[in-house]
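Asks: Sending over a structure as structure tokens; questions will come in a sec.
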Amino acid sequence: MSNIDLLPALLIVAPILAATLPIALGLRYERTGWSVAAITSTGLFAAALALASVVYTSGEVIHTLGGYPRTYGIQLVADEFSTLIALLITSVAVGVLAYTRRGGPRGNTFYTAYLLLVGGLLGISLTGDVFNLFVFLEITSLATYALVASGDGPESAVAALKYLILGTVAASMYLIGVAFVFMATGTLNMVELSIAIPAAERPVLIQTGFAFIVVGFAVKVAQWPLHTWQPSAYQQAPDGVTPLIAALVSTASAYAFGRLIVTVFEVDYLAAMPNAAAIVLTIGCVSVLAGTVLAVIQTEVKRMLAYSSVSQFGLVIAAYGVVIAGNSETALTGAVIHLVGHGLLKTGLFLGAALVAASYGARTVDEYAGLATDRPIMAGLMAILLFSLVGIPPSVGFVGKWYIALGAVESQLWPVAAVIFLSTMLTLAYAARLLEKMYFTPATVVERPHARGPVATDGGDADRDDASTLDSEVETDDGSAAAALRGADARNPVSVGMIAIVVVVALGAVALGFAGGAIAELLEPFLTEVIN
Amino acid sequence: MIELLASRYTYVLMFVLLGIGLYMVIASQNLVKKLIGVSLFQTSIFLFFVSMAYVEGGSAPIVPPESDPGELLVASPLPQVIVLTAIVVGIALTAVGLALVIRIYSEYGTLREDTLREVRADE
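One line per chain: the protein sequences are F and R, in this order.
The numbering used here puts the last residue of the first sequence at 543; the count rises by one with no breaks.
The numbering used here puts the last residue of the second sequence at 126; the count rises by one with no breaks.
Given below as structure tokens:
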């Protein structure tokens, strides 16, 4: 076993072990959480880069835990698809962590939940075993519930409980699916399953299993009408947490679903399964339309972006449907690029929304009036990211949609192409509403009831340090009390670094748009392996 | 039908429990009862795994050192290991859920979902 084989295991174990440190060290020393989290996530990013360089040059890296054979042992697999997701997870984690240094939330418990979340997400992307996928889904979910509940005010606890109940039922549905598939085949390893499933004696068990798995992931990925947990969870989570969970949690679930479709059940088998393609396609297309329509009617910016996630993930699921129905390599490329691109865009947009809320005090679409004259850089960044979300070239949002639409057309699935076109128009509708407010509506003080309210509290200032001690003790209640302590100094809490992070994300979104072809090339070995 | 009940009664029982659990999650207005429903739902899946692993006349999957392992008839150990892990996950989830319920109760003074909706609408 060479050293590179250890990297997949380290990527999962290191953050989970490090998650214990902020709390343990916090007993003795104050404010160690950020350093622990920063060192760990930078290390993870470096490790993911090293892993990627190996995977993209010489093929997949497999770590067999404990040396047990894969029929009953556990494997961690890093191939072209999973490494791309691992890179997205670690880079977004580093970016968001840098933002929270000044932007909040803080406190040792926050960093513990943060590291646990990163560990769970990396586990989802690297595991090669369907049951461990369930365990990592639940680790991720547990950390997410805790992070959502740490928002200001009691509303976040209600949102987190709603998320917990729906999320647990969803993960349990997935577990039933695994149980049925296990019953039919007797193995849990993804590669073994792909061999055993076509040979299974009772295909009805496999079909039932797939049905449960589809329902489970439809909740986890927030597909209409099972998306109801998602807007309130995103809205009530602290501003520094929303980018992380919006960009990564559902993305990792969508990745896992795609992995199950292409590696475990395999496209050919699903194409022969009655109605499988039609069901997945319908879920995706309906979510695309319902999500955009719901986004258009929202007044809160964070809520609007949350509904936009419903539609963007609908696009990914629809692409999976195209992959099943049409055996389309192009649509799979599109789904992968869109997953990564959307993750990056949502990080940028939610970070931007957090910046605007912190400095301009604006939370609803109407309150964004006059942002361009008052805060030109922020407005410009939001505009770039919104245009990318709509899919205006050259941006990553365009490349993903282009490949998916191309795949749909190649497979003669014209309704899907029409849905993608229609959703682009509707995305433009809600993006344009925000752009119009930012650039063409003059600001009036009366219109911004959120300004200087409790929303502008999480600022970093010189006297922040005293307050952060307090935060770590009453972390869940980090609200008006701490703000009162900090007083007027919290008025302009946005540092250059926080803006710089959003600039990097926005530039990344545009740069990835040019790199679309390169990503497709990197994925080539994986695509030819799973699609014949 | 009778034959199904006689030969596959554990699976039938498991799906009845599953239904009860899901019904509690959806229909009960009490947040604690909802969480009990979630637990029941999960537990029924664990029972499904365990009954799946049962082998007619098989013993526990502990291999004694003296006998020839090839001739032993044992229950499948893999689902049992899986269930152990899943139970731990389930406990963690229930704990987090109950902690959130405590927070909600201390803030709003109610555990009922309909009252909670009214209180939140008033604010």
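By construction, the Cβ of each residue, glycine as well, lies at the ideal position given by its N, Cα and C atoms.
#1: Roughly how many whole angstroms lie between the Cα atoms of Tyr245 of chain F and Val159 of chain F?
#2: In whole angstroms, give me the CA-to-CA distance for Leu199 of chain F and Gln218 of chain F.
#3: Does the beta carbon of Val169 of chain F sit closer than 7 Å to a beta carbon anywhere in chain A?
#4: By how many angstroms is the C-alpha of Leu55 of chain F removed from the C-alpha of Ala499 of chain F?
#5: Consult DSSP for Asp500 of chain F and reduce its assignment to one of helix, strand or coil.
#6: Checking contacts by CB at 7 Å: is Glu110 of chain R closer than that to chain F?
#7: Using a Cβ-Cβ cutoff of 7 Å, what residues of the segment 37-49 of chain R are near chain F? List them in chain order.
#8: Using beta-carbon positions only, say whether Ile100 of chain F and Gly131 of chain F come within less than 7 Å of one another.
#9: Can you pull the DSSP bridge partners for Asp279 of chain F?
#10: How many Å lie between Leu34 of chain R and Leu20 of chain R at the Cα?
#11: Who are the near neighbours of Gly37 of chain F in its chain, counting only those whose CB is closer than 8 Å to its CB and skipping five residues on each side?
#12: Chain R beta carbons: is any one of them nearer than 7 Å to that of Phe537 of chain F?
#13: Using three-state DSSP, classify Ala89 of chain F as helix, strand or coil.
#14: Enumerated in chain order, which unbroken segments of the alpha helix (DSSP H) with a length of 4 residues or greater are wholly contained in the segment 77-131 of chain F?
#15: Suppose contacts are defined by Cβ-Cβ distances below 7 Å. Is Val334 of chain F in contact with Val427 of chain F by that definition?
#16: So, is Phe537 of chain F buried or exposed, given that buried needs 16 or more other C-beta atoms within 10 angstroms?
#17: Does the distance from the CB of Leu326 of chain F to the CB of Val299 of chain F come in under 7 Å?
#18: Can you determine whether any heavy atom of the ligand GTP sits closer than 6 Å to the C-beta of Lys231 of chain F, and answer yes or no?
#19: Below 7 Å between beta carbons: does that hold for Leu350 of chain F and Ala265 of chain F?
#20: Excluding the 5 residues preceding and the 5 following Thr51 of chain F in the sequence, name in chain order all residues of the same chain whose CB lies nearer than 7 Å to its CB.
#21: Given a cut-off of 7 Å, decide if Phe142 of chain F and Val192 of chain F are closer than it, judged by their beta-carbon atoms.
#22: Would you check if the distance between the CB atom of Ala58 of chain F and the CB atom of Leu95 of chain F is smaller than 7 Å?
#23: Give every residue of the same chain whose Cβ lies closer than 6 Å to the Cβ of Gly220 of chain F, excluding the five residues on either side of it in the sequence, and list them in chain order.
#24: Can you name the start and end residues of the alpha helix (DSSP H) that His349 of chain F belongs to?
#25: Could you give the residue range of the alpha helix (DSSP H) that holds Ile73 of chain F?
#26: Should Met55 of chain R go down as buried or exposed, given a rule of 16 or more other Cβ atoms within 10 Å for buried?
#27: On a CA-only basis, which of R:Gln83, R:Ser42, R:Phe18 is nearest Leu175 of chain F? Give me that one, please.
#28: Note down, in chain order, every chain R residue with its Cβ under 8 Å from the Cβ of Ala157 of chain F.
#29: What does the alpha-carbon distance come out to for the pair Arg463 of chain F and Arg374 of chain F?
#30: For Leu362 of chain F and Pro242 of chain F, which I take to be in contact (beta-carbon distance under 8 Å), what is that distance rounded to the nearest angstrom?
#31: Which residues, in order along the segment 210-224 of chain F, keep a beta-carbon less than 8 Å from a beta-carbon of chain R?
#32: Going along the chain, which unbroken runs of the alpha helix (DSSP H) with 4 or more residues stay wholly within the segment 235-300 of chain F?
#33: By Cβ distance, which residues of its chain are closer than 7 Å to Met201 of chain F, with the 5 residues on each side in sequence left out?
#34: Verify the CB distance criterion: does Gly22 of chain R have a CB-CB separation below 7 Å to chain F?
Replies: Taking the coordinates as given:
#1: Here residue 245 of chain F refers to the residue found at position 234 when the first sequence is read from its first residue. Here residue 159 of chain F refers to the residue found at position 148 when the first sequence is read from its first residue. Tyr245 of chain F and Val159 of chain F: Cα-Cα distance of roughly 8 Å.
#2: To locate residue 199 of chain F, count along the first sequence from 1; it is residue 188. To locate residue 218 of chain F, count along the first sequence from 1; it is residue 207. Using only the alpha carbons, I get a separation of about 16 Å.
#3: No chain A appears in the structure shown, which is made up of the protein chains F and R.
#4: Counting from one through the first sequence, the residue named residue 499 of chain F turns up at place 488. Counting from one through the first sequence, the residue named residue 55 of chain F turns up at place 44. With a pLDDT of only 37 at Ala499 of chain F, under 50, the local geometry of the prediction cannot be trusted, and no value is derived from it.
#5: Translated into positions along the first sequence, residue 500 of chain F becomes position 489. Its pLDDT being 41, under 50, Asp500 of chain F is placed unreliably in this model, and the value from its coordinates should be taken loosely. In the structure shown, Asp500 of chain F sits in a helix (DSSP, three-state: H, G or I).
#6: For the purposes of this step, residue 110 of chain R is taken as the residue at position 107 of the second sequence. So, interface residue.
#7: Lys37, Val41, Phe44, Gln45, Ile48
#8: Position 89 of the first sequence, counting from 1, holds the residue named residue 100 of chain F. Position 120 of the first sequence, counting from 1, holds the residue named residue 131 of chain F. Taking 7 Å as the Cβ cut-off, Ile100 of chain F and Gly131 of chain F do not qualify as a contacting pair.
#9: Position 268 of the first sequence holds residue 279 of chain F. According to DSSP, which records beta bridges pairwise, Asp279 of chain F is partnered with nothing at all.
#10: Residue numbering aside, residue 34 of chain R sits at position 31 when the second sequence is read from its first letter. Residue numbering aside, residue 20 of chain R sits at position 17 when the second sequence is read from its first letter. Roughly 19 Å between the two C-alpha positions.
#11: Counted from its first residue, the first sequence places residue 37 of chain F at position 26. If we look at Gly37 of chain F and ignore the five residues flanking it on each side, its Cβ neighbours are Thr43, Gly44, Asn119, Ser483.
#12: Looking up residue 537 of chain F in the first sequence gives position 526. No, its Cβ sits nowhere closer than 7 Å to a Cβ of chain R.
#13: Indexing the first sequence from 1 puts residue 89 of chain F at position 78. Here Ala89 of chain F sits in strand by DSSP.
#14: 91-114
#15: In the first sequence, residue 334 of chain F corresponds to position 323, counting from 1. In the first sequence, residue 427 of chain F corresponds to position 416, counting from 1. No. Outside cutoff.
#16: Taking the first sequence and counting its residues from 1, the one referred to as residue 537 of chain F is at position 526. Buried, since its Cβ has 16 or more Cβ neighbours within 10 Å.
#17: If you number the first sequence from 1, residue 326 of chain F lands on position 315. If you number the first sequence from 1, residue 299 of chain F lands on position 288. Yes, Cβ-Cβ distance for Leu326 of chain F and Val299 of chain F is below 7 Å.
#18: No copy of the ligand GTP occurs in the structure displayed, which carries no ligand at all.
#19: Against the first sequence, residue 350 of chain F aligns to sequence position 339. Against the first sequence, residue 265 of chain F aligns to sequence position 254. Yes, the Cβ-Cβ distance between Leu350 of chain F and Ala265 of chain F is below 7 Å.
#20: The sequence position of residue 51 of chain F within the first sequence is 40, counting from 1. Counting only Cβ-Cβ distances below 7 Å, and skipping sequence neighbours, we find Ala25, Pro26, Ala29, Leu126.
#21: Against the first sequence, residue 192 of chain F aligns to sequence position 181. Against the first sequence, residue 142 of chain F aligns to sequence position 131. Not a contact, by the Cβ cut-off of 7 Å.
#22: Here residue 58 of chain F refers to the residue found at position 47 when the first sequence is read from its first residue. Here residue 95 of chain F refers to the residue found at position 84 when the first sequence is read from its first residue. In this structure, Leu95 of chain F does not lie closer than 7 Å to Ala58 of chain F by Cβ.
#23: Within the first sequence, numbered from 1, the residue matching residue 220 of chain F stands at position 209. Same-chain partners within the cutoff: Gly188, Phe191, Val192.
#24: Locating residue 349 of chain F in the first sequence gives position 338, counting from the first residue. Counting along the chain, the alpha helix (DSSP H) containing His349 of chain F begins and ends at 340-370.
#25: Position 62 of the first sequence, counted from the start, is the residue given in the question as residue 73 of chain F. No alpha helix (DSSP H) holds Ile73 of chain F; the beta strand (DSSP E) holding it covers 72-75.
#26: For the purposes of this step, residue 55 of chain R is identified with residue 52 of the second sequence, where counting begins at 1. When all chains shown are included, Met55 of chain R counts as buried.
#27: As a position in the first sequence, residue 175 of chain F is number 164, starting the count at 1. Ranking the options by Cα distance to Leu175 of chain F, first place goes to R:Ser42.
#28: Locating residue 157 of chain F in the first sequence gives position 146, counting from the first residue. The answer, in chain order, is Val99.
#29: As a working mapping, residue 463 of chain F is identified with position 452 in the first sequence. As a working mapping, residue 374 of chain F is identified with position 363 in the first sequence. Low confidence applies here, because Arg463 of chain F scores a pLDDT of 49, under 50, leaving its location unreliable; read the following figure in that light. Going from the Cα of Arg463 of chain F to the Cα of Arg374 of chain F covers about 12 Å.
#30: On the first sequence, residue 362 of chain F is found 351 positions in, with the first residue counted as 1. On the first sequence, residue 242 of chain F is found 231 positions in, with the first residue counted as 1. 18 Å between Cβ atoms; not a contact.
#31: none
#32: 240-247, 253-270, 278-283
#33: Within the first sequence, the letter at position 190 stands for residue 201 of chain F. For Met201 of chain F, where only same-chain residues beyond five positions count, the Cβ hits under 7 Å are Gly139, Asp140, Val141, Thr274, Val275.
#34: The count along the second sequence starts at 1 and reaches residue 22 of chain R at position 19. With 7 Å as the cut-off, Gly22 of chain R does not count as an interface residue toward chain F.
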